[in-house]
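What follows is one structure encoded as C-alpha cells, with my remarks underneath.
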Amino acid sequence: IKEDFEIIDKKQIPSTAELKNEEKEKTEEGRWSAPILSLAKKASENLALSYGNALKSASLVGFIPKAVSNDSTAKTSARCHTMEERANLMNMMKLSIKILIQSALSLGRTLDSDFPPLQQFFVVLEHCLKHGLKAKKTFIGQNKSFFGPLELVEKLCPEASDIATSVKNLPELKTAVGRGRAWLYLALMQKKLADYLKVLLDHKHLLSEFYEPDALMMEEEGAVIAGLLVGLNVIDANLCLKGEDLDSQVGVIDFSLYLKETQDSDGKQDGGITAVLDQKHYVEELNRHLSCTVADLQNKIDCLEKTNSKLQEELAAATDRIGALQEEQQQLKQQNEFIRERSEKSVEVTKEDTKVELDTYKQSRQGLDEMYSDVWKQLKEEKKIRMELEKELELQIGMKTEMEIAMKLLEKDTHEKQDTLVALRQQLEEVKAINLQMFHKSQNAECSLQQQTEAISSFEGKTNEMMSSMKQMEERLQHAEKAREAAEERCTKMKQELAARLDTYRQQMCQLDSKCSTLEKELKSEKEQRQSLQKELHQEKDATTLLKTELQQMEGLKKELRKLQDEKQHLEKVCEDQEQALQEMGLHLSQSKLKMEDIKEVNKALKGHTWLKDDEATHCKQCEKEFSISRRKHHCRNCGDIFCNTCSSNELALPSYPKPVRVCDTCHTLLLQRCSSNSS
40 IKEDFEIIDK
50 KQIPSTAELK
60 NEEKEKTEEG
70 RWSAPILSLA
80 KKASENLALS
90 YGNALKSASL
100 VGFIPKAVSN
110 DSTAKTSARC
120 HTMEERANLM
130 NMMKLSIKIL
140 IQSALSLGRT
150 LDSDFPPLQQ
160 FFVVLEHCLK
170 HGLKAKKTFI
180 GQNKSFFGPL
190 ELVEKLCPEA
200 SDIATSVKNL
210 PELKTAVGRG
220 RAWLYLALMQ
230 KKLADYLKVL
240 LDHKHLLSEF
250 YEPDALMMEE
260 EGAVIAGLLV
270 GLNVIDANLC
280 LKGEDLDSQV
290 GVIDFSLYLK
300 ETQDSDGKQD
310 GGITAVLDQK
320 HYVEELNRHL
330 SCTVADLQNK
340 IDCLEKTNSK
350 LQEELAAATD
360 RIGALQEEQQ
370 QLKQQNEFIR
380 ERSEKSVEVT
390 KEDTKVELDT
400 YKQSRQGLDE
410 MYSDVWKQLK
420 EEKKIRMELE
430 KELELQIGMK
440 TEMEIAMKLL
450 EKDTHEKQDT
460 LVALRQQLEE
470 VKAINLQMFH
480 KSQNAECSLQ
490 QQTEAISSFE
500 GKTNEMMSSM
510 KQMEERLQHA
520 EKAREAAEER
530 CTKMKQELAA
540 RLDTYRQQMC
550 QLDSKCSTLE
560 KELKSEKEQR
570 QSLQKELHQE
580 KDATTLLKTE
590 LQQMEGLKKE
600 LRKLQDEKQH
610 LEKVCEDQEQ
620 ALQEMGLHLS
630 QSKLKMEDIK
640 EVNKALKGHT
650 WLKDDEATHC
660 KQCEKEFSIS
670 RRKHHCRNCG
680 DIFCNTCSSN
690 ELALPSYPKP
700 VRVCDTCHTL
710 LLQRCSSNSS
C-alpha cells in the first residue's frame, strides 16, 4: 500500500538538536496557566522528540528498493514495509496535532476550514484511516473508502446518529470519500472525534471486515492516535460544509508547513490574552461538566415522573378492579343467600311431603292389616265348617250308594275349594313379596310379616293333616260300604237335609268368590299405589340429587369467595407496596430537587469565580503574608484565587478534574460540608 506524500530535499530537513532547541525556547516563552491546557503542553513536549525522525522517515517512504529472493524474504520485507508505514503515519499524526494545537493557541480564536494546519491535520488523519483498507469489488471496479468504518459509529454510539443523518442529507456530496471528510469535520466540531475513534477501536472484530490484520487501526498505533486526539478538545472549530467541494480535494501532505521557522511571536503578544483564554477554556469545561450533570439529573427526573404517572395509573386501575371485585362479591353474597333460602324452603317442603306420605303409608298399612285379619278370620271359620262337615260325613258314610254321588260332589267341591285355596295361596305369596319389599322400607312391619308367615306355615301343616284325614276317610268309606245297606233308609231322610245344606254351601261359595274378587281389586289398587309411591320416591331422589348439586355449587361458590378474598388481600398488599414506593419516589424527587438547587448554587458560584493573574496577587488571600522566593504562589482550582502553600495544602477531586487537585482551606471545608449533606 503506497501513501501520497510531498517529498522535499534532505538539506531542508533540520536536525533533531535544532528542533529540540527550538522547542525549549518555545516552552520557556509560552506559559501554560490553565489546568486543562497543561495536558496539551505535555503532549507537545513528548511529540518534539519524534519531530525530525518523522520527517526523515516520511521522505524515504517508497524510495528504498529491496531485492526479493524468495517467499519468506518477501513476506518479511512486506511486514517491515507496513511497520515503517505505520510508524511514519503515527509520527506525522503526532506532528500535525502538535502544530495544530500550537497554532490554535497562538491565534486565540475559533478555526475555519481555510486554516492550513487544520487542513493538513485532516489530510494526515485521512491517510491513517486509509492505511490497510480492504478493496471492495463493485460493477465499476475496486473501491477503497474509509467512510464504511465510520458508519459503524452510528450503531455503536447513538450520539453519532445526528452526524450520520446530517452527512447523508448534504446534497453536494456524491462520493464516499466526501461523506467521510464531512463526518470528520462534524465530529471535530462536536469535540468527540477521539471518543468515536475509541469506540471503533474497542470493537476490532467489526473493523476486521474493512481493514487488513496489519493495518494501523488494527494495531496499537490506532489506540495511540485516539489518545492523542483527546488534546484537540481544547480547540474550537467552525467549519462550513456547504460551499466546499469535499469530493474532489487532493489529500497530499505539505511538509513545508512543518519546516517553516516559527517566529518568536509569543513574547510579543500580551500575557493577558493567554490568561483570558485559559479562564475561558476553564469556565467552558466547568460549564460542560455541569451541563452534563444537569442533563443527567433532568433525564432522571423525567424518568421518575414517567414512573410516577405509570404507578398512579396502575393504582387507579387497581382501585377500579378492587371496586369491581367488591361489587361482584356483594352480588355473589346475595346469590348465595337467595340459594340458601331457596334450598331451605325446598328442604322444608320435602320434609312436609315425606311426613304426609309416611302418614298415608301408615294408614294404608293399617287398612291392609285389617284386611289380612278379616281374611284370616274367614279362613278359620271355613276350617271350622269343614271340620263339622267331615264329622257329619264320618257319621253318614255307612248309609247309601247315593251317598257316594254326594261324596263325589263333595269331593269336586273340595277340589274347587282347593283350587280357590291355591289361588288364595298365590295371592298370599304375592302379598308376601309386597310385604318383603315393604320390609326394606319400614322396619316396624317385620314382626307382623313374620307372624303372618308363621300362620301360613301352620295353615299348610293343617292342610297336610287334612290330607291325612282324607286318607283315613277313604279307609273308613271302605269299612262303611259294608254298613251301607243299613244306612240306605237313613239316607233317603238325609237327602233333603243334604240338598238344603248344599244350597247353603253354594251360597257361601258365591260369597267367597265375591270376596276374592274384591280382594283382587284391592290388591290391584295397592299395586297402583305402590307404583305411584315408587315414582314419587324417584322424584324425591332426583330432588335430593339436585339439592346435592346445588350444595356442591354452594361449596364451589364458597371456594371462589375465599379465592376472591385472598386476591383482595393480595391487591391490598400490592396497593400498600405501591404507596410505599410512591412515598419513596417522592422522597427521591425531593432529594434530587435539593441536589439540583445545590448544583445551581455551585454553578452560580463558579460563574462568579475568576482566575487571578500572578501579577495581581502580592499577598496570600487567607493569611495575608507577602509572597517571596521561599513562599511561592499557588492557585486554588475551585475559586481561582492565589494562596500560599500552607493555606492551599489540601487536595480534592472536582467535577472538572478527574484526579485530586489543590484547593484552599475555605473551599475544602465548603466542599466537605456539601458532600456530607449530599450523602445524608
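In this note's numbering, the protein residues as written are 40 to 719.
Don't be surprised by glycine CBs; every beta carbon is placed ideally from N, CA and C.
It should be emphasised that the depicted structure is a prediction, and the values quoted were computed from it without experimental measurement.
Exposure of residue i, with buried meaning 16 or more beta-carbon neighbours within 10 Å
{"i": "M426", "result": "exposed"}
{"i": "H242", "result": "exposed"}
{"i": "M533", "result": "buried"}
{"i": "F377", "result": "exposed"}
{"i": "R676", "result": "buried"}
{"i": "V206", "result": "buried"}
{"i": "A221", "result": "buried"}
{"i": "P697", "result": "exposed"}
{"i": "E606", "result": "exposed"}
{"i": "P156", "result": "buried"}
{"i": "G219", "result": "buried"}
{"i": "E430", "result": "Before going on, a small fix: residue 430 reads as Lys here, not Glu. Exposed is the call here."}
{"i": "S667", "result": "exposed"}
{"i": "E367", "result": "exposed"}
{"i": "Q405", "result": "exposed"}
{"i": "M509", "result": "exposed"}
First through last residue of the alpha helix (DSSP H) which encompasses residue i
{"i": "N208", "result": "S200 to N208"}
{"i": "V700", "result": "Taken as a continuous stretch (DSSP letters only), V700 belongs to no alpha helix (DSSP H), being part of the beta strand (DSSP E) at P699 to V702."}
{"i": "G720", "result": "This structure cannot settle anything about residue 720, because the visible part of the chain is limited to 40 through 719."}
{"i": "G171", "result": "Here G171 belongs to no alpha helix (DSSP H), and DSSP marks it neither H nor E."}
{"i": "Y235", "result": "L232 to D241"}
{"i": "I189", "result": "Note that residue 189 is Leu in the sequence shown here, rather than Ile. First-last of the alpha helix (DSSP H) with L189: F186 to L195."}
{"i": "R671", "result": "That residue, R671, is in no alpha helix (DSSP H); it is neither H nor E in DSSP."}
{"i": "Y224", "result": "A215 to M228"}
CA-to-CA distance, residue j to residue i, given in whole angstroms
{"i": "G261", "j": "T705", "result": "44 angstroms"}
{"i": "P694", "j": "K137", "result": "27 angstroms"}
{"i": "Q517", "j": "L475", "result": "47 angstroms"}
{"i": "H479", "j": "A462", "result": "26 angstroms"}
{"i": "C196", "j": "T685", "result": "46 angstroms"}
{"i": "N85", "j": "L134", "result": "Because N85 sits at a pLDDT of 49, beneath the cut-off of 50, its placement in the model cannot be relied upon, and the following sentence gives the value as read from the coordinates. When rounded, the distance between both Cα atoms is 10 angstroms."}
{"i": "V700", "j": "Q619", "result": "42 angstroms"}
{"i": "A126", "j": "H673", "result": "41 angstroms"}
{"i": "S571", "j": "K456", "result": "35 angstroms"}
{"i": "E514", "j": "G500", "result": "22 angstroms"}
{"i": "N277", "j": "M228", "result": "7 angstroms"}
{"i": "M506", "j": "T492", "result": "21 angstroms"}
{"i": "E258", "j": "C683", "result": "47 angstroms"}
{"i": "T583", "j": "E383", "result": "12 angstroms"}
{"i": "L150", "j": "N689", "result": "38 angstroms"}
{"i": "A174", "j": "A143", "result": "37 angstroms"}
{"i": "F186", "j": "A117", "result": "26 angstroms"}
{"i": "N347", "j": "D653", "result": "53 angstroms"}
{"i": "T112", "j": "E193", "result": "42 angstroms"}
{"i": "K574", "j": "D398", "result": "17 angstroms"}
{"i": "L541", "j": "E443", "result": "15 angstroms"}
{"i": "A199", "j": "S287", "result": "25 angstroms"}
Beta strand (DSSP E) segment containing residue i, residue limits
{"i": "A692", "result": "N689 to A692"}
Expected contact under 8 angstroms - CB spacing of residue i and residue j to nearest Å
{"i": "F249", "j": "L172", "result": "6 angstroms"}
{"i": "L245", "j": "L191", "result": "6 angstroms"}
{"i": "L168", "j": "G217", "result": "Not a contact, Cβ separation roughly 14 angstroms."}
{"i": "L651", "j": "G679", "result": "6 angstroms"}
{"i": "L280", "j": "L209", "result": "6 angstroms"}
{"i": "L30", "j": "S385", "result": "This structure does not reach residue 30, given that the chain is present from 40 up to 719, and the question cannot be answered."}
{"i": "V163", "j": "I292", "result": "6 angstroms"}
{"i": "E527", "j": "M410", "result": "In fact, because the Cβ distance is near 47 angstroms, the residues do not count as touching under 8 angstroms."}
{"i": "M512", "j": "L432", "result": "7 angstroms"}
Check: residue i C-beta below 6 angstroms from any heavy atom of the ligand NAP
{"i": "D542", "result": "In the structure shown, the ligand NAP is absent, as is every other ligand, since no ligand is present at all."}
Min CB distance residue i to chain B below 7 angstroms
{"i": "K534", "result": "No chain B is part of this structure, which consists of one protein chain only."}
Continuous beta strand (DSSP E) assignments of at least 3 residues falling wholly in the stretch 549-603: none
4 or more residues per run - each alpha helix (DSSP H) lying fully within the stretch 465-537: 485-521
Completely contained beta strand (DSSP E) runs for the stretch 335-415, where each covers 3 or more residues: none
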